[in-house]
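Q: Note that the sequence shown covers residues 3 to 632 in the numbering used here.
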Amino acid sequence: MSTSRHRRWRRKIGPVSRWLPAFARLSTVFLLIALALFVALRVAAPYLISTGFVRSGIEDTLSKWTGYHAEIKGSPVLEFWPTPRITLNQITIRQPRESGDKLLGSIESLSADFSLIDALRSRTSFHEFHLVRPKLALTRDEKGLIDWSYAGLLARAISGVRYENGAEVLDPDLDAEIGAVTVEDGTLLVTDIKSAKTYHFDSVTADIAWPRLSGAISAVVIARINGEDLKVDFASRQPLLAFAGRNAETRTSLTSNLLTAHFQGIASIASLSAFSGNAAVTIPDVPALLTWSGKSIPGIATLKSASLESDIMSSGNGLRFNNLSLSLNEASATGVMDLFTQPGKRPKIGGTLAFDQMNLKPFLDAFALRLAAGEAEDISTGMSGPLRVLDVDVRLSARRAQMGLFELSDVGASMIVAGGEAKFDIGDSQFEGGEMTAHLEATQRDFDGGGKLQLSIRNADFAALAERLQLKGPLPLAIGSLDLDLQSPKAIWTTGLADVTGRLHFWTGEGTIPGIDAAALRTQAAEKPFFPLSAAAGGAFAFNQLNLQADFANGSAEMHDARIAGATQTLTLSGVITYQSNGLALSGSLDATDPAKAAELPLLPFFIGGSWPNPVISPVPLFGNTPQAQ
């Protein structure tokens, strides 16, 4: 069996061994002929192809593509090794004079490969374009589209492209080969008609791969704007639809030191009608980004970083952000958001966000959007701050939340911006063992009209709060409640203590005031005409009930008959506290809680002056008809 198997292999190999040398010889002959033709064409090409012919061909190509007239002033240079290539200098592209002589751009140097065979047949065909220091000026119209109004092949292809059966369709007579385009050290000016602004992009470097107009495109563009380098990666299987402002599949990434963004899906540069895909944005330094963009948000310094990732889809007249992940500084949240847009109405952001833990201060800063002081324009100028162009209605929840030095838990809150006003409400929260609700309102003119704060605390541990805030001096330590109502006529971020007006009501049950010994107070008052409060600080004043009311205005608080009732004695206070300087000017008294014990604990009036936390106490003599004289 082994011998028969070898015989069969020999029968198969035998014919191959006979024709293989012949095939090798034939292939070698063809390769030599092709190489000879290749070398001969390269040697003879300078004598067969004129420089003027190739130059006029590329002029015609540029004019055909742009619809403008291309003019070449520099002398062209032809190269034939290793590939035929032409280099042109000092190129300008402008409208014909009879059409307005508008300048589209200029190119310092343009190189392109061309087909040697086509050139020998008196035709021109170019590919692999390389542009050095081009300057291009484009216009973005009121619809957000680039003005392709000139009559070039690119413009006709953009206007003639169709969408059929999920694909981009272009008539064959509008199609053309492009190839690769490389840009080196370019300049781009984009004039936005709607905003009346011109955007200047310097040091533009680009690598564009676009084999045919009807095919897919991929591009990497690096440019500098306002001193910052930006990198854009763009790819689309439907580039003509994208340039026409219609719905197109795209993949876009933006990378810089200030911002990183990515989107993949279906989008349009002119409409939100069919927007869907996934988007992610990361801002590592929010204040730096605002500084670079020329904008300012007062108080934004606390918001260091922000990021967002979400699935996005069109929903009616807006966008729905599903599976939203939002981060502000160290706080992260998940939820659903909506962006509503209706003709004639301001856009509106609504939705819900759930935090595990968050810092309310940077979150408020994130919504305190306005231009810097002095930048805001009058409504009549057509320029307005975000409060006049954007409405917000967001619901928040957090297991733990921090507002400055205050800590809250199980928070339910909302942020509403509408009608030129912004309102932030904490509808429910746990605070120091009790409950807290709050209402912050900023009024007209992008918060410039001032604001007000309403705060309500019920059954909270003010002893724990005093310890947390490291407050010093004789303060009431008890489970208590507080109502606070403050307002300011100035912008929130410019408001000082002297600008605040309002009222405070504070009441508690049983508690103590450390640093006040009622017996020592009476002893010192009997012996000295004045003495520091620290001289009577050997004990604590125990009380059963405390009730205090105060009005705020002009940098001071006016206390109205604060009454601190203990088991045997009652302390009353009234007067003015200048909280900017901690100055005190109070009249007070200490008398028996039970009138039947007035003889044992007679009325002791006194005056408190100096500064907190160790003011000076001066007993006030009793004259005339006093309880002691009765």
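Here a beta-carbon is modelled for each residue, glycine too, at the ideal position from N, C-alpha and C.
All values derive from a computational prediction rather than experimental measurement.
In three-state terms, what does DSSP make of residue 473?
A: Against the sequence shown, residue 473 aligns to sequence position 471. Note: residue 473 maps to coil in three-state DSSP.
Q: Could you compute how far the alpha carbon of residue 47 sits from the alpha carbon of residue 251?
A: By one-based count along the sequence shown, residue 47 stands at place 45. By one-based count along the sequence shown, residue 251 stands at place 249. Because the pLDDT of residue 47 is 43, which lies under 50, any placement of that residue in the model is unreliable, and the number read from its coordinates should be weighed accordingly. Roughly 44 Å separates the two Cα atoms.
Q: Here's a check: name, in chain order, each residue in its chain whose Cβ is nearer than 7 Å to the Cβ of residue 536, leaving out the five neighbours to either side.
A: Working through the sequence shown from its first residue, we reach residue 536 at position 534. Cβ within range, chain order: 616.
Q: Taking only runs that begin and end inside the stretch 241-277, name each unbroken beta strand (DSSP E) of 3 or more residues, in chain order.
A: The stretch 241-277 contains these whole beta strand (DSSP E) runs: 250-257 and 262-269.
Q: Could you round the C-beta distance between residue 180 and residue 136 to whole angstroms and report it? I think they count as a contact, below 8 Å.
A: By 1-based counting over the sequence shown, the position of residue 180 is 178. By 1-based counting over the sequence shown, the position of residue 136 is 134. In fact, because the Cβ distance is near 16 Å, the residues do not count as touching under 8 Å.
Q: Starting from residue 304, follow the alpha helix (DSSP H) in both directions and report where the run begins and ends.
A: The residue you call residue 304 lines up with position 302 of the sequence shown. Residue 304 -> no alpha helix (DSSP H), and no H or E assigned at all.
Q: Just to check my reading of the structure: residue 235 and residue 255 have Cβ atoms closer than 8 Å, yes? What is that Cβ distance to the nearest angstrom?
A: Your numbering for residue 235 matches position 233 in the sequence shown. Your numbering for residue 255 matches position 253 in the sequence shown. With a Cβ gap of about 4 Å, residue 235 and residue 255 count as contacting.
Q: What do you reckon, are the CB atoms on residue 432 and residue 416 nearer than 7 Å?
A: Within the sequence shown, residue 432 is the residue found at index 430, counting from 1. Within the sequence shown, residue 416 is the residue found at index 414, counting from 1. Against a cut-off of 7 Å, the Cβ pair of residue 416 and residue 432 comes out as no contact.
Q: If you draw a straight line from the alpha carbon of residue 549 to that of residue 609, how long is it in whole angstroms?
A: To locate residue 549, count along the sequence shown from 1; it is residue 547. To locate residue 609, count along the sequence shown from 1; it is residue 607. Their backbone Cα atoms lie some 20 Å apart in a straight line.
Q: Using only the alpha-carbon positions, how far apart do residue 290 and residue 310 sit?
A: Sequence index remark: in the sequence shown, residue 290 carries index 288 (1-based). Sequence index remark: in the sequence shown, residue 310 carries index 308 (1-based). Their Cα atoms are separated by approximately 18 Å.
Q: Sort out for me which residues DSSP pairs residue 613 with in a bridge.
A: Within the sequence shown, residue 613 is the residue found at index 611, counting from 1. Residue 613 is bridged to 585.
Q: Please state the DSSP three-state secondary structure of residue 381.
A: Stepping through the sequence shown from its first residue, residue 381 is reached at position 379. With a pLDDT of 32 at residue 381, under the threshold of 50, the modelled position of that residue is not reliable, and the figure given next carries that caveat. DSSP places residue 381 in helix when its eight states are reduced to three.
Q: Taking the CB atoms as reference points, tell me whether residue 58 and residue 89 lie closer together than 7 Å.
A: Sequence index remark: in the sequence shown, residue 58 carries index 56 (1-based). Sequence index remark: in the sequence shown, residue 89 carries index 87 (1-based). For residue 58 and residue 89, no; Cβs fall outside 7 Å.
Q: Can you confirm whether the stretch 201-217 touches the stretch 177-192 when touching is taken to mean that 3 or more C-beta pairs between the two stretches lie within less than 8 Å?
A: Yes, the stretch 177-192 is in contact with the stretch 201-217.
Q: DSSP state of residue 149, grouped into three classes?
A: Taking the first residue of the sequence shown as position 1, residue 149 is located at position 147. Of the three classes helix, strand and coil, the one that applies to residue 149 here is coil, per DSSP.
Q: Taking only the alpha-carbon atoms, compute the straight-line gap between residue 532 and residue 521 and give it to the nearest angstrom.
A: If you number the sequence shown from 1, residue 532 lands on position 530. If you number the sequence shown from 1, residue 521 lands on position 519. For residue 532 and residue 521, the distance between alpha carbons rounds to 16 Å.
Q: Can you give the beta carbon distance from residue 607 to residue 618, rounded, assuming they're within the 8 Å contact cut?
A: By one-based count along the sequence shown, residue 607 stands at place 605. By one-based count along the sequence shown, residue 618 stands at place 616. The pair is not a contact, with the Cβ atoms about 15 Å apart (cut-off 8 Å).
Q: Would you kindly report the start and end of the unbroken alpha helix (DSSP H) that includes residue 293?
A: Start at 1 with the first residue of the sequence shown, and residue 293 comes out as number 291. Its alpha helix (DSSP H) spans residues 288-295.
Q: CB of residue 315 to nearest heavy atom of the ligand NAP: below 6 Å?
A: With respect to the ligand NAP, the structure shown offers nothing to examine, as it has no ligands at all.
Q: So which of 348, 329 and 453 has the shortest CA-CA distance to residue 360?
A: For the purposes of this step, residue 360 is taken as residue 358 along the sequence shown, with counting starting at 1. Closest by alpha carbon: 329.
Q: Which same chain residues end up closer than 8 Å to residue 568 when comparing Cβ atoms and leaving out the 5 residues on each side of it in sequence?
A: What you label residue 568 is simply residue 566 of the sequence shown in a count that begins at 1. Only 520, 543, 544, 545, 546 and 595 meet the Cβ criterion.
Q: How many Å lie between residue 392 and residue 170 at the Cα?
A: One-based indexing of the sequence shown puts residue 392 at position 390. One-based indexing of the sequence shown puts residue 170 at position 168. Distance between the alpha carbons of residue 392 and residue 170 is about 36 Å.
Q: From the DSSP output, in three-state form, read off residue 97 for me.
A: Counting from one through the sequence shown, the residue named residue 97 turns up at place 95. The answer is coil: DSSP assigns residue 97 none of H, G, I, E or B.
Q: By DSSP, does residue 239 sit in helix, in strand, or in coil?
A: The residue you call residue 239 lines up with position 237 of the sequence shown. Of the three classes helix, strand and coil, the one that applies to residue 239 here is coil, per DSSP.
Q: Taking C-beta to C-beta, are residue 466 and residue 477 nearer than 7 Å?
A: Within the sequence shown, numbered from 1, the residue matching residue 466 stands at position 464. Within the sequence shown, numbered from 1, the residue matching residue 477 stands at position 475. Taking 7 Å as the Cβ cut-off, residue 466 and residue 477 do not qualify as a contacting pair.
Q: With contact counted as at least three CB pairs below 8 Å, one residue from each stretch, are the stretch 191-209 and the stretch 154-169 in contact?
A: They do not touch, by the three-pair rule.
Q: Give me the residue from 585, 561 and 581 with the minimum Cα distance to residue 633.
A: Nothing about residue 633 can be reported from this structure: the residues present for the chain run from 3 to 632 only.
Q: Using CA coordinates, which residue listed in 308, 174, 166 and 199 is at the minimum distance from residue 240?
A: Taking the sequence shown and counting its residues from 1, the one referred to as residue 240 is at position 238. The residue with the shortest Cα to Cα distance from residue 240 is 166.
Q: How many angstroms separate the CA atom of residue 527 from the CA atom of residue 624?
A: Mapped onto the sequence shown, residue 527 falls at position 525. Mapped onto the sequence shown, residue 624 falls at position 622. The straight-line gap from Cα to Cα measures roughly 13 Å.
Q: Consult DSSP for residue 336 and reduce its assignment to one of helix, strand or coil.
A: Translated into positions along the sequence shown, residue 336 becomes position 334. Three-state result, residue 336: strand.
Q: Do you know whose CA, among 253, 438, 333 and 248, lies nearest residue 145's CA?
A: By 1-based counting over the sequence shown, the position of residue 145 is 143. It is 248 whose Cα lies nearest to the Cα of residue 145.
Q: Report the option in 106, 76 and 78 whose CA atom is closest to the CA atom of residue 69.
A: One-based indexing of the sequence shown puts residue 69 at position 67. Closest option to residue 69, Cα to Cα, is 106.
Q: Expressed to the nearest angstrom, what Euclidean distance is found between the alpha-carbon atoms of residue 62 and residue 281?
A: For the purposes of this step, residue 62 is taken as the residue at position 60 of the sequence shown. For the purposes of this step, residue 281 is taken as the residue at position 279 of the sequence shown. Cα-Cα distance, rounded: 42 Å.
Q: How many Å lie between residue 129 and residue 85 at the Cα?
A: Along the sequence shown, one-based indexing puts residue 129 at 127. Along the sequence shown, one-based indexing puts residue 85 at 83. The alpha-carbon atoms of residue 129 and residue 85 are separated by roughly 11 Å.
Q: Residue 454 bridges to which residues according to DSSP?
A: Your numbering for residue 454 matches position 452 in the sequence shown. DSSP lists 443 and 489 as partners of residue 454.
Q: Quick one: using the 10 Å Cβ neighbour count with 16 as the cut-off for buried, is residue 434 buried or exposed?
A: Walking along the sequence shown from the start, residue 434 turns up at place 432. Buried is the call here.
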